[in-house]
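Chemist:
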Amino acid sequence: MDPKIFLVVAVVLVMGWFAFGVIYNLRRGEAVLRWLQGGLPRIGERTTLRWLGTSVAELVIAKAHSPFRRLETLLVLTPRDVPWMWLLAWLQHRRDTLIFRAQLVDPPTVDLEWVDPSSWTGKLALNQAIKRDWQSQPYHGLQLMAPAGALGSAHSTLERTSASAQELALHYWRFSLRRDSPHLELHLAFPDHHRTDAAQFFDALRQLSLAVGESRS
Numbered sequence: 101m102d103p104k105i106f107l108v109v110a111v112v113l114v115m116g117w118f119a120f121g122v123i124y125n126l127r128r129g130e131a132v133l134r135w136l137q138g139g140l141p142r143i144g145e146r147t148t149l150r151w152l153g154t155s156v157a158e159l160v161i162a163k164a165h166s167p168f169r170r171l172e173t174l175l176v177l178t179p180r181d182v183p184w185m186w187l188l189a190w191l192q193h194r195r196d197t198l199i200f201r202a203q204l205v206d207p208p209t210v211d212l213e214w215v216d217p218s219s220w221t222g223k224l225a226l227n228q229a230i231k232r233d234w235q236s237q238p239y240h241g242l243q244l245m246a247p248a249g250a251l252g253s254a255h256s257t258l259e260r261t262s263a264s265a266q267e268l269a270l271h272y273w274r275f276s277l278r279r280d281s282p283h284l285e286l287h288l289a290f291p292d293h294h295r296t297d298a299a300q301f302f303d304a305l306r307q308l309s310l311a312v313g314e315s316r317s
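The sequence shown begins at 101 in my numbering and counts up one residue at a time.
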């Protein structure tokens, strides 16, 4: 094959992939964003939205209702616009991820990470905990980690909040509590916006955040 023809074909394929990836991500992201708008007013009256490239959308409620002070919501989509980036993400088990980062009125009293080590974000959190010399133990099929001497408190905190956590999601890639902001960070798969009621979903997030605050007592 003539090298020039090969180059033209390669450029067309890459550009076609890029266009498909951008359009797919934007449509998928916009569908989830529309769904989120049905529940975010439960958290606060004003939400600011911005796209960070074609794969990340950020929604911020700077003045949220109690038990929140502030809530950041991130839609992190698999980078589908560049073939090799998509392949790398697929090999790393990176999937479309919904992330909540909450500053709470009543922060938790313990630092902990409860993660799925097979997930991309869970693996990152696990490696960070190992570097900090945190202790670790299995918990409900995932890995629970906490600073040395705090594993028992972390286990008790999850026990007290587990019912509320299960109301929000059946599986977490990362469930993080911190005494410093963000006090609560959650990484989970996109909810099925065709079957899940957004208002009920955010009510469950609110109940979980209340349970985290109540774990102080």
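Just so it is clear, CB atoms sit at the ideal spot from N, CA and C, and this is done for glycine as well.
In three-state DSSP terms, what is P282?
Modeler: Looking at P282 - three-state DSSP - the assignment turns out to be coil, as it is neither helix nor strand.
Chemist: Do you know offhand how far L244's Cα is from P103's?
Modeler: Whole-angstrom Cα-Cα distance: 54 Å.
Chemist: Looking at the structure shown, is V210 part of a helix, part of a strand, or coil, going by DSSP?
Modeler: Three-state result, V210: coil.
Chemist: Pair every Cβ in the region 269 to 284 with every Cβ in the region 158 to 167, then say whether three or more of these pairs are closer than 8 Å.
Modeler: Contact between the region 269 to 284 and the region 158 to 167 is absent, because fewer than three Cβ pairs lie under 8 Å.
Chemist: Just curious, the beta strand (DSSP E) that W151 is in, first and last residue?
Modeler: Segment T148 to W151, the beta strand (DSSP E) holding W151.
Chemist: So L308 and L258 are supposed to be a Cβ contact under 8 Å. How far apart are they, rounded?
Modeler: At roughly 11 Å, the Cβ-Cβ gap does not stay under 8 Å, so L308 and L258 are not in contact.
Chemist: Is DSSP giving A157 helix, strand or coil here?
Modeler: The answer is strand: DSSP assigns A157 an E or B state.
Chemist: Spell out the partners DSSP gives A246 in its beta bridges.
Modeler: Answer is Q235, bridged to A246.
Chemist: How should I143 be labelled, buried or exposed, when 16 other C-beta atoms within 10 angstroms of its C-beta is the threshold for buried?
Modeler: So I143 counts as buried.
Chemist: Across the region 120 to 136 and the region 285 to 304, are there enough close Cβ pairs to call them in contact, namely three or more that are closer than 8 Å?
Modeler: Yes: at least three Cβ pairs fall under 8 Å.
Chemist: Tell me where the alpha helix (DSSP H) around T257 begins and ends.
Modeler: Residues L251 to L268.
Chemist: Return the CA-CA distance between H287 and R146, expressed in angstroms with no decimal places.
Modeler: Going from the Cα of H287 to the Cα of R146 covers about 23 Å.
Chemist: Identify every residue that forms a DSSP beta bridge with A311.
Modeler: For A311, which the question treats as bridged, DSSP gives no partner whatsoever.
Chemist: Return the residue from the list Q203, L204, S256 and H193 that minimises the CA-CA distance to W214.
Modeler: Comparing Cα-Cα distances from W214 to each of Q203, L204, S256 and H193, the minimum goes to S256.
Chemist: Taking the Cβ atom as the reference point for each residue, do G129 and L177 lie within a distance shorter than 8 Å?
Modeler: Contact flag set, yes.
Chemist: Can you say whether W234 is buried or exposed, counting buried as having 16 or more other CB atoms within 10 angstroms of its CB?
Modeler: Looking at its Cβ environment, which holds 16 or more other Cβ atoms inside 10 Å, W234 is buried.
Chemist: With E145 as the anchor, note down where its beta strand (DSSP E) starts and where it stops.
Modeler: Careful: E145 lies outside any beta strand (DSSP E) and carries neither H nor E.
Chemist: Quick one: residues in its chain with C-beta nearer than 7 Å to the C-beta of A254, no 5 flanking neighbours on either side, listed in chain order?
Modeler: Excluding positions up to five away in sequence, the list reads V210, L212, L244 and A246.
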